[in-house]
Amino acid sequence: GLDKEQRSDEIRHALLDVIAKARAAGAANAEIRGLYLLGRLHQDRADHQESMDAFAEAVQRGAAAGTPWAPFAGMSRFMGASVAYACGRWDEAARLARVVGQSPPDDYEAMFRSLEANIRAARGDRTVTELFGVLRPQWGRANDRG
Numbered sequence: 544g545l546d547k548e549q550r551s552d553e554i555r556h557a558l559l560d561v562i563a564k565a566r567a568a569g570a571a572n573a574e575i576r577g578l579y580l581l582g583r584l585h586q587d588r589a590d591h592q593e594s595m596d597a598f599a600e601a602v603q604r605g606a607a608a609g610t611p612w613a614p615f616a617g618m619s620r621f622m623g624a625s626v627a628y629a630c631g632r633w634d635e636a637a638r639l640a641r642v643v644g645q646s647p648p649d650d651y652e653a654m655f656r657s658l659e660a661n662i663r664a665a666r667g668d669r670t671v672t673e674l675f676g677v678l679r680p681q682w683g684r685a686n687d688r689g
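For the record, in the sequence shown the residue sitting at position 134 is 677 according to my numbering, with numbers rising by one throughout.
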């Protein structure tokens, strides 16, 4: 039970198998979910590039399937942006976080705009306060869900 590396390798192989089977069956949503979970596994292991690669592939598959904001495709984009931000790849994170004109669901828009605000603030952009008007209506939503 203490050999976490072995266990995560088993999970990785199982996820790769699920992704391949879903892809072969044309089950895009199952494939995207598998890619998201693979990205999270790599993220948990601090395998940042592998994590971002899995998230990017999930985003690409979601776009190709016409469902860029479906739960695992949209979250893959957010997680990829978050990992890029944490790794100091701010240009990449900012590109992924930019959702203006893309009509994401409200929750996703708030998440991406919050990440955009963090990036801009970290870069010393004092105009970041302009995002408060967009984000303020979302502040209480997490508490509303109980």
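Idealized CB from N, CA, C, for every residue including glycine. For clarity, every value in this text was computed on a predicted model and none was experimentally measured.
What residue range is occupied by the uninterrupted alpha helix (DSSP H) comprising Asp649? Its alpha helix (DSSP H) spans residues Asp649 to Ala665.
In this structure, does DSSP put Asp587 in helix, strand or coil? Secondary structure at Asp587: helix, using DSSP grouped into helix, strand and coil.
Express the C-alpha separation of Leu580 and Leu674 in angstroms, rounding to a whole number. Leu674 and Leu580 have their C-alpha atoms some 31 Å from each other.
Where Leu678 sits in the DSSP three-state scheme: Collapsing the DSSP output to three states places Leu678 in a helix.
Spell out a yes or no on whether the region 562-581 and the region 613-627 are touching, meaning 3 or more CB-CB pairs, one atom from each, closer than 8 Å. The answer is yes - the region 613-627 touches the region 562-581, with three or more Cβ pairs under 8 Å.
Pick from Thr610, Val626 and Ile554 that is closest to Gln645, judged by C-alpha positions: Checked all of Thr610, Val626 and Ile554; the closest Cα to Gln645 is Thr610.
Distance, Cα to Cα, Arg588 vs Val626? If I take the Cα positions, the gap works out to 12 Å.
Taking the CB atoms as reference points, tell me whether Val643 and Ser619 lie closer together than 7 Å. No, the pair does not count as a contact, with Cβ atoms beyond the cut-off.
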